[in-house]
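Below is one structure, written out as structure tokens, with a few remarks after it.
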Amino acid sequence: MSITLDLKPPARPAKAPDAPINLAGLGRGALRDALVASGLITPDKARMRASQLWRWIHQSGAVGFDGMSDIAKETRAELAQRFVVARPEIVERQVSADGVRKWLIRFAPGIEAETVFIPNVAESRGQGALCVSSQVGCTLNCTFCHTGTQALVRNLTAAEIVAQVQVARDDLGEWPSPREDRRLSNVVFMGMGEPLYNLDAVAEAMDIMSDNEGMGISRRRITVSTSGVAPELKALGERTNAMLAVSLHAANDALRDELVPLNRRYPIAELMAAVKAYPGLSNAKRVTFEYVMLKGVNDSPADAKALVRLISGVPAKINLIPFNPWPGAPYECSEPEVIEAFGSILNRAGYASPVRRPRGRDILAACGQLKSESEKLRASARRTPAV
Ligand code: SAH
Ligand code: SF4
């Protein structure tokens with residue numbers, strides 16, 4: 004007898020049947036529908052009530068209904084009987100020596116993901132980018148990435164992605180949503196997981212966080228990084244208008260097949276064709292190619308020249324990422340002078356190629372290190388006898 008297991012994660016994780024709906028992560032339409040379905044609000048009043056709640060949730064950062072001063076007390080009590088406006092549990096919060104903050108967030112039992120705030124130190128107002136996760140774990144197995152060694156647990160929902168921004172805003176003390184001079188100025192989908200394998204939730208989360216009556220984070224300040232799911236790029240651009248980052252890491256198929264195994268499915272030529280066709284791509288809206296610097300693997304002057312040839316004609320900049328090591332990783336980071344020489348070849352060819360300074364390495368918050376520490380902690384906790 005053979006048993007077939009369907010290991011595909013559900014598109015939407017099931018909610019416990021009696022758990023109250025959390026309004027904090029619903030899109031505008033879903034919020035309206037939930038109010039009408041509750042029977043509390045008639046359809047003709049739902050739009051107005053939803054807008055009111057929307058502003059409290061996404062502009063003021065409300066948690067619970069108590070402070071919603073322009074909603075009658077009785078209505079608030081009724082709402083509180085059926086709904087919550089709540090945050091997920093923060094399991095751990097760490098601040099690194101260089102100001103990076105990392106939160107390990109538990110969305111449901113066993114469903115944990117990490118979110119990282121990276122202040123841009125060059126910016127005197129202390130602005131920075133929030134690196135959000137789109138999945139718990141990852142199905143892809145890029146050989147240099149620690150997240151890739153961990154199996155996919157499931158996709159995060161739009162609400163869970165939005166909650167990461169809300170948690171960060173709570174911690175940064177950034178409510179009500181400022182119109183300008185924000186600390187949390189940018190969002191990058193560069194945490195755990197492959198965003199294009201969870202495009203519906205990513206797109207919905209972007210609708211919520213970019214809404215002008217809410218958090219108002221401009222789509223031009225939201226970047227989605229993909230390992231190269233070529234057939235989804237068009238949909239990403241059309242649905243979200245996001246800035247695009249592509250994790251290239253190699254300029255020939257033989258090497259990319261090894262580093263980013265997804266390349267065997269969507270080889271470089273197919274990926275580059277999809278990038279060139281990315282909706283809205285122009286000199287004012289360039290694609291970022293990410294290139295992790297691996298010692299003796301992809302960091303020679305010949306590799307740099309091949310990269311220049313490959314991306315010729317594409318409005319692009321290149322982000323050189325020094326490899327962030329993790330226990331047992333089969334690579335080392337390129338020497339600084341090698342990275343510099345690589346970058347100057349790109350520069351001479353007319354491409355901006357900033358080297359991403361590793362941030363938050365001391366709390367394992369740098370690119371490709373996410374989730375690892377939390378797993379380690381749990382393993383060590385298991386070894387420690389209870390007292
Ligand atoms: N899955 C998506 C987004 C998350 S990874 C993607 O692959 O693009 C975010 C970035 O970190 C990617 O460019 C990825 O290649 C890079 N990265 C992964 N592991 C790394 C490591 N150990 N050191 C440096 N960068 C790493
Ligand atoms: Fe997944 Fe991105 Fe890591 Fe590759 S680099 S394993 S796609 S998270």
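Start counting the sequence shown at 4; every next residue gets the next number (the working numbering).
Beta carbons: idealized from backbone N, C-alpha and C, even for Gly.
query, result
"Met195 Cβ short of 7 Å to ligand 2 heavy atom set", "yes"
"Lys105, buried or exposed, once every other Cβ within 10 Å from all chains shown has been counted against 16", "buried"
"Simplified DSSP assignment, three categories, for Ile133", "Looking at the sequence itself, residue 133 is Leu, so the reference to Ile does not match. Three-state result, Leu133: strand."
"Cβ-Cβ distance between Asn201 and Asn244 below 8 Å", "no"
"Simplified DSSP state of Val103, which is helix, strand or coil", "coil"
"Environment of Glu115 [buried if 16+ CB atoms lie within 10 Å]", "buried"
"Under the three-state DSSP convention, the category Asn189 falls into", "strand"
"Pairwise C-alpha distance: Thr291 and Lys237", "16 Å"
"Residue interval of the beta strand (DSSP E) (run including Val119)", "114-122"
"Inter-residue CB distance, Glu273 and Ala233 (contact presumed, cutoff 8 Å)", "5 Å"
"Separation of Gly67 from Pro264, as counted between CA atoms", "45 Å"
"Cβ pair Ser99, Gly363 closer than 8 Å", "yes"
"Cβ neighbour criterion (16 or more within 10 Å) applied to Ser221", "exposed"
"Three-state secondary structure (DSSP) of Arg3", "There is no way to answer for residue 3, as the model of the chain reaches only from 4 to 390."
"Simplified DSSP assignment, three categories, for Ala22", "coil"
"Reference Tyr294, options Leu38, Gly42, Arg259, closest by Cα", "Arg259"
"Closest by C-alpha distance to Arg223, when choosing among Ser250, Met275, Ser285, Ala276", "Ser285"
"Cα-Cα separation, Ala319 to Arg35", "41 Å"
"Residues of its chain near Ala309, where Cβ-Cβ distance is below 6 Å and the 5 sequence neighbours each way are ignored", "Ala254"
"One or two residues paired with Gln153 in a DSSP bridge", "Paired residues: none, contrary to the question."
"Distance between Cys336 and Gly28 (C-alpha atoms, nearest Å)", "39 Å"
"Continuous alpha helix (DSSP H) stretch holding Ser54: start and end", "46-57"
"Residues of its chain near Ala22, where Cβ-Cβ distance is below 8 Å and the 5 sequence neighbours each way are ignored", "none"
"Short Cβ contact (8 Å threshold) for Met193 with Ser230", "no"
"Start-end ranges of the beta strand (DSSP E) lying completely within the stretch 212-261, minimum 3 residues", "225-229, 246-250"
"Beta-carbon proximity of Ala171 to Leu155, cut-off 8 Å", "no"
"Candidates Gly353, Ala352, Ile321: closest to Arg399 by CA position", "Nothing in the structure corresponds to residue 399, since the chain is present only between 4 and 390."
"Coarse secondary structure for Ala307, derived from DSSP in three states", "helix"
"Check whether Ile225 and Gly217 have beta carbons under 8 Å apart", "no"
"Simplified DSSP state of Ala161, which is helix, strand or coil", "helix"
"Cβ pair Met209, Thr150 closer than 8 Å", "no"
"Under 8 Å between C-beta atoms of Phe110 and Leu26", "no"
"Contacts around Asn350, its chain only, beta-carbon distance under 7 Å, and the 5 residues preceding and following it disregarded", "Ser356"
"Beta carbon of Phe147 nearer than 8 Å to that of Tyr334", "yes"
"For Thr78, the three-state DSSP class (helix, strand or coil)", "helix"
"Among His252, Arg31, Ile342, nearest to Cys145 - alpha-carbon criterion", "His252"
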